[in-house]
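Just below is one structure, and these are the notes that go with it.
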Amino acid sequence: MSVKVPPAGAFAAAAPVVIIGAGAAGLCAALAAREAGADVVVLERDAVPRGSTALSAGLIPAAGTRLQKTIGIDDDAKLFAADLKRKAHDEADPVIVDLVAREAGPTVEWLADRYGFPFSVVHDFDYPGHSARRMHGLPGRSGADLIDRLRQAAEEAEIPLIVDATVTSLYAGAERIVRGVEMTRPDGSLDRLGCEALVLACNGYGGAPDLVARFIPDLRSAIYFGHPGNRGDAVLWGEALGAKVLHMSGYQGHGSVAHPHGILITWAVIMEGGFQVNSAGRRFSDESLGYSEQASVVLAQPGAIAFDIFDARIAAIARQFEDFRQAEASGAVIDAPTVGGLAERLKVPVEALAQSLADVEDAKRAGARDRFGRTFVGAAPLSPPFKAVKVTGALFHTQGGIAINEEARALNAQGQPLPNLFAAGGAAAGVSGPRASGYLSGNGLLTATVLGRIAGRSAARLVVKSR
Ligand SMILES: Cc1cc2nc3c(=O)[nH]c(=O)nc-3n(C[C@H](O)[C@H](O)[C@H](O)COP(=O)(O)OP(=O)(O)OC[C@H]3O[C@@H](n4cnc5c(N)ncnc54)[C@H](O)[C@@H]3O)c2cc1C
Numbered sequence: 492m493s494v495k496v497p498p499a500g501a502f503a504a505a506a507p508v509v510i511i512g513a514g515a516a517g518l519c520a521a522l523a524a525r526e527a528g529a530d531v532v533v534l535e536r537d538a539v540p541r542g543s544t545a546l547s548a549g550l551i552p553a554a555g556t557r558l559q560k561t562i563g564i565d566d567d568a569k570l571f572a573a574d575l576k577r578k579a580h581d582e583a584d585p586v587i588v589d590l591v592a593r594e595a596g597p598t599v600e601w602l603a604d605r606y607g608f609p610f611s612v613v614h615d616f617d618y619p620g621h622s623a624r625r626m627h628g629l630p631g632r633s634g635a636d637l638i639d640r641l642r643q644a645a646e647e648a649e650i651p652l653i654v655d656a657t658v659t660s661l662y663a664g665a666e667r668i669v670r671g672v673e674m675t676r677p678d679g680s681l682d683r684l685g686c687e688a689l690v691l692a693c694n695g696y697g698g699a700p701d702l703v704a705r706f707i708p709d710l711r712s713a714i715y716f717g718h719p720g721n722r723g724d725a726v727l728w729g730e731a732l733g734a735k736v737l738h739m740s741g742y743q744g745h746g747s748v749a750h751p752h753g754i755l756i757t758w759a760v761i762m763e764g765g766f767q768v769n770s771a772g773r774r775f776s777d778e779s780l781g782y783s784e785q786a787s788v789v790l791a792q793p794g795a796i797a798f799d800i801f802d803a804r805i806a807a808i809a810r811q812f813e814d815f816r817q818a819e820a821s822g823a824v825i826d827a828p829t830v831g832g833l834a835e836r837l838k839v840p841v842e843a844l845a846q847s848l849a850d851v852e853d854a855k856r857a858g859a860r861d862r863f864g865r866t867f868v869g870a871a872p873l874s875p876p877f878k879a880v881k882v883t884g885a886l887f888h889t890q891g892g893i894a895i896n897e898e899a900r901a902l903n904a905q906g907q908p909l910p911n912l913f914a915a916g917g918a919a920a921g922v923s924g925p926r927a928s929g930y931l932s933g934n935g936l937l938t939a940t941v942l943g944r945i946a947g948r949s950a951a952r953l954v955v956k957s958r
């Protein structure tokens, strides 16, 4: 990954706006740039755009939407921004937090109204740290559906998407104006494309083990559950062009990935009144703090595993997620009519598991904090048949990236915008601050869709203005 000075006559072809990466960020940027009147080309390394977006549950948090209002949910951008700031320990850039909290509702409604995305609000359980039910998703609650719809919208808008095009170098002179890109094709040949503005939408560095070991040493041996093609190119180019990178130790982890099946088990199984035990049958944490920070907590348990314990009622809620249905189909979800039977099937000590369950049910009845500080307020008691999944902790995506302003323009160390470089989604510094515990559910697609749309619109303005 390099930044090179363009030779004379380097670009036989050019597009005003070039976008690297066809995940949620890149495709939202492309749609917005086209709407704003710019010709745009999207470059994607894979044969079919998937990205981490396809691996997600496709849920976008947004406040004050008409979809919330229809089902009586009272919410607004101010409340959402306060939740984001609290979860990020006030360490995220408040300007960007306020921006994404304000623009998330309009972005979800833009996709729903202009492109026909049939979003609905997840209304039957709470996500940790959100004061209102504000996760918007497609009917299958699947990121694969989200990326397919975005790709279809881009195709219908006749936006050129060049696939099998891994961008390997940028071209820029001493003045740091990006002039174009070089891409490597599957047969090893190289193509160049000139540009007037460049949007980096190629996510973070979860797929680059050396960068993970450098910035997130706790997770260097964790499974990386995100898209393997996200290899930190954006931050490496950004740095080479003099952009500031921020919060590189921030990430989204997850403490509930079925092991060894490698399937995400929704945190709803915990938030609805379930809990986690280790292989000794004992609880070890306040699981309600969030699934992201729980990744390293689970990885610190013996054998780096834990068990999610819940019941049939909770499984019925979790079944709205495609991942959970797959987990059931592949035998990852274990059930038993009694707690003793469950312990036997999990090979954990019966007395310890029974005691852990009894303690949780006591805490629910008492409505008090348990010894880990968790409250189970509003959670129904677990009842037979019981369910369990053996899980491990995983790295989902990184949250650090290029510092940006309200137009999603990359900033240099002095806080000044670079001439024509934009970043969105996992390529930009997120709104979680420098720690895993700063990640509020949905921050990934929040910054992908909202900042993607802003980056596309801003890049278009730049090139249209210069005509
Ligand atoms: C299992 C899982 C579950 C998740 N669940 C949620 C959720 O429910 N809600 C939520 O908000 N977030 C969730 N996330 C996080 C969310 O998926 C990401 O934050 C979001 O998809 C990032 O979007 P993006 O467009 O920045 O990146 P991506 O979707 O990863 O797209 C980046 C694209 O860039 C391409 N690319 C990379 N380098 C190059 C290059 N050099 N040249 C050309 N192309 C390149 C990649 O191939 C990829 O297609 C989840 C993540 C995972 C892994």
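Residue numbers for the sequence shown follow our numbering, beginning at 492 and rising by one. Where a beta carbon is used, it is the ideal one built from N, C-alpha and C, also for glycine.
What are the residues that DSSP puts in a beta bridge with C519?
C519 pairs with nothing; no bridge assigned.
Is the distance from the Cβ of H627 to the Cβ of I551 below 8 angstroms?
yes
Within the continuous beta strand (DSSP E) that includes S493, where are the two ends?
493-495
Within the continuous beta strand (DSSP E) that includes L661, where are the two ends?
657-663
From what residue to what residue does the beta strand (DSSP E) around P585 run?
Unbroken run through P585 is the alpha helix (DSSP H), 585-606; no beta strand (DSSP E).
Backbone secondary structure at T544 - three-state DSSP:
helix
Opposite Q767 in the DSSP bridges: which residues?
D799
Could you check the C-alpha separation between S547 and R541 for me, to the nearest Å?
10 angstroms
Let me check understanding here. Comparing Cα to Cα, which of V690, A663, A553, I653 lies closest to R676?
I653
Residues bridged to E526 (per DSSP)
Beta-bridge pairing links E526 to no other residue.
Rounded C-alpha distance that separates S779 from P619
6 angstroms
Is the beta carbon of G732 within less than 7 angstroms of some heavy atom of ligand 1?
For the sequence presented, residue 732 should be read as Leu rather than Gly. No - ligand 1 has no heavy atom lying nearer than 7 angstroms to the Cβ of L732.
What's the C-alpha gap between H718 and I564?
34 angstroms
Consult DSSP for G916 and reduce its assignment to one of helix, strand or coil.
helix
Which listed residue (G916, V880, T883) has its alpha carbon closest to that of A894
G916
In chain order, which continuous runs of the alpha helix (DSSP H) of length 4 or greater are located wholly inside the segment 668-740?
700-706, 724-731
Which residue from E897, A545, G929 puts its Cα closest to that of A946?
E897
For T561, the three-state DSSP class (helix, strand or coil):
helix
Can we count F798 as close to ligand 1, meaning its CB is less than 7 angstroms from some heavy atom?
no
In chain order, what are the residue ranges of uninterrupted beta strand (DSSP E) at least 3 long that sit wholly in the segment 817-880?
824-827
Name the DSSP beta bridge partners of P552, please?
M626
Shortest alpha-carbon distance to Y696 belongs to which of A803, G741, E666, G733?
G741
Heavy atom of ligand 1 within 7 angstroms of E535 beta-carbon
yes
What separation, rounded to the nearest whole angstrom, lies between the Cα atoms of A771 and A583?
38 angstroms
Member of F798, C686, P872 whose CA lies at the smallest distance from the CA of V839
F798
Taking G744 as part of the beta strand (DSSP E), name the residues at either end of that continuous run.
742-749
Element boundaries [alpha helix (DSSP H), containing R642]
634-647
Rounded to the nearest angstrom, how far is the Cβ of A725 from that of C686, given a contact under 8 angstroms?
The Cβ separation is near 15 angstroms, so there is no contact.
Just the Cα atoms here: how many angstroms apart are V509 and A914?
12 angstroms
Distance cut-off 7 angstroms: V539 Cβ against heavy atoms of ligand 1
no
Roughly how many whole angstroms lie between the Cα atoms of F706 and L848?
38 angstroms
With a threshold of 8 angstroms on Cβ separation, who are the neighbours of V841 within its own chain once the five nearest residues in sequence on each side are excluded?
G772, V830, G831, A834, E835
What is the rounded straight-line gap between the Cα of S783 and the Cα of G596?
24 angstroms
DSSP three-state assignment for V533, whether helix, strand or coil
strand
Beta-bridge partners of S611, as assigned by DSSP
G628
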